[in-house]
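Each number in our numbering comes from the position in the sequence shown (counting from 1) with 8 added on. What follows is a short report on a single structure.
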Amino acid sequence: MSLNPEFLQRVNQLYQCFIKHDAAMPDRIQRYRNIEPESAQYLAMLIRIQQSKRILEIGTSTGYSTLWLADAAQVTQGQVTTLEIDPERTKQAIEYANELKVADVIDFWVGDAKDYLAEHQQQFDLILLDAERETYIEYWQYLQHMINPNGGVLIVDNVISHAAEVKTFISEVKQDTRFMTTTLSVGAGLFMVVFKS
9 MSLNPEFLQR VNQLYQCFIK HDAAMPDRIQ RYRNIEPESA QYLAMLIRIQ QSKRILEIGT
69 STGYSTLWLA DAAQVTQGQV TTLEIDPERT KQAIEYANEL KVADVIDFWV GDAKDYLAEH
129 QQQFDLILLD AERETYIEYW QYLQHMINPN GGVLIVDNVI SHAAEVKTFI SEVKQDTRFM
189 TTTLSVGAGL FMVVFKS
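And the structure:
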């Protein structure tokens, strides 16, 4: 049922629309800045491999990556919590989730992600961090406690395309001897963080 041709065709259409929108926006804040298709597919595969049940996304935007996460979560009987500060983008994401019949496994949370992270200290099997990069250092104090120590993974997007902006964050994480890390040259670059044991 999942990853059917209709799903793939529609998410591809949405991605093309989002790319066109971004190309017309000189102000980066007004761009949707969705994750690349190969990164989204990698995450969907990882959820299946892990059999992830609890999935957290920080930075919904218009929901392109959320659709991929949710489609995979339907297979694993998991749940996606996605955080977005912009209510209009969340509204768009909800519409697409309803259209593609994956809304039943998504909790949409609108507000400053830092507030959510400070208030909710449950652990997740997969966390996708794809938000404003200058916030990552501040988020790390919370995220390090939210990665499930039994095989959970934190994945950070754009670490090759925006290497300078995430350099301090990556250095901070790598200094924490509890974790193993690696960078994958998938899409704009994915940084993976897991507990050593």
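Cβ atoms here follow ideal geometry from the backbone N, Cα and C, with glycine treated the same way.
Any idea which residues DSSP pairs MET53 with across the strands?
Beta-bridge pairing links MET53 to no other residue.
What residue from HIS29, TRP76, SER47 has the CA that sits closest to ASN12's CA?
Ranked by Cα distance from ASN12, the first of HIS29, TRP76, SER47 is TRP76.
So, at 6 Å on beta carbons, what are the nonlocal neighbours of VAL202 in its own chain, with the 5 sequence-adjacent residues on each side left out?
VAL161, MET188
So, does the stretch 107 to 116 touch the stretch 136 to 152, judging by three or more C-beta pairs under 8 Å?
no
Say yes only if the C-beta of ALA48 is nearer than 8 Å to one or more non-hydrogen atoms of the ligand ADP, and no if none qualify.
Only the bare structure without any ligand can be found here, which leaves the ligand ADP out of the picture.
Which residues mark the beginning and the end of the beta strand (DSSP E) in which LEU136 is found?
134 to 137
Looking at ILE178: is its Cβ nearer than 9 Å to the Cβ of VAL167?
yes
Please give the ranges of any beta strand (DSSP E) in the stretch 24 to 108, keeping only runs that are unbroken, at least 3 residues long and fully inside the region.
62 to 66, 87 to 92
Rounding to the nearest angstrom, what Cα-Cα distance links PRO157 and GLN87 in this structure?
18 Å
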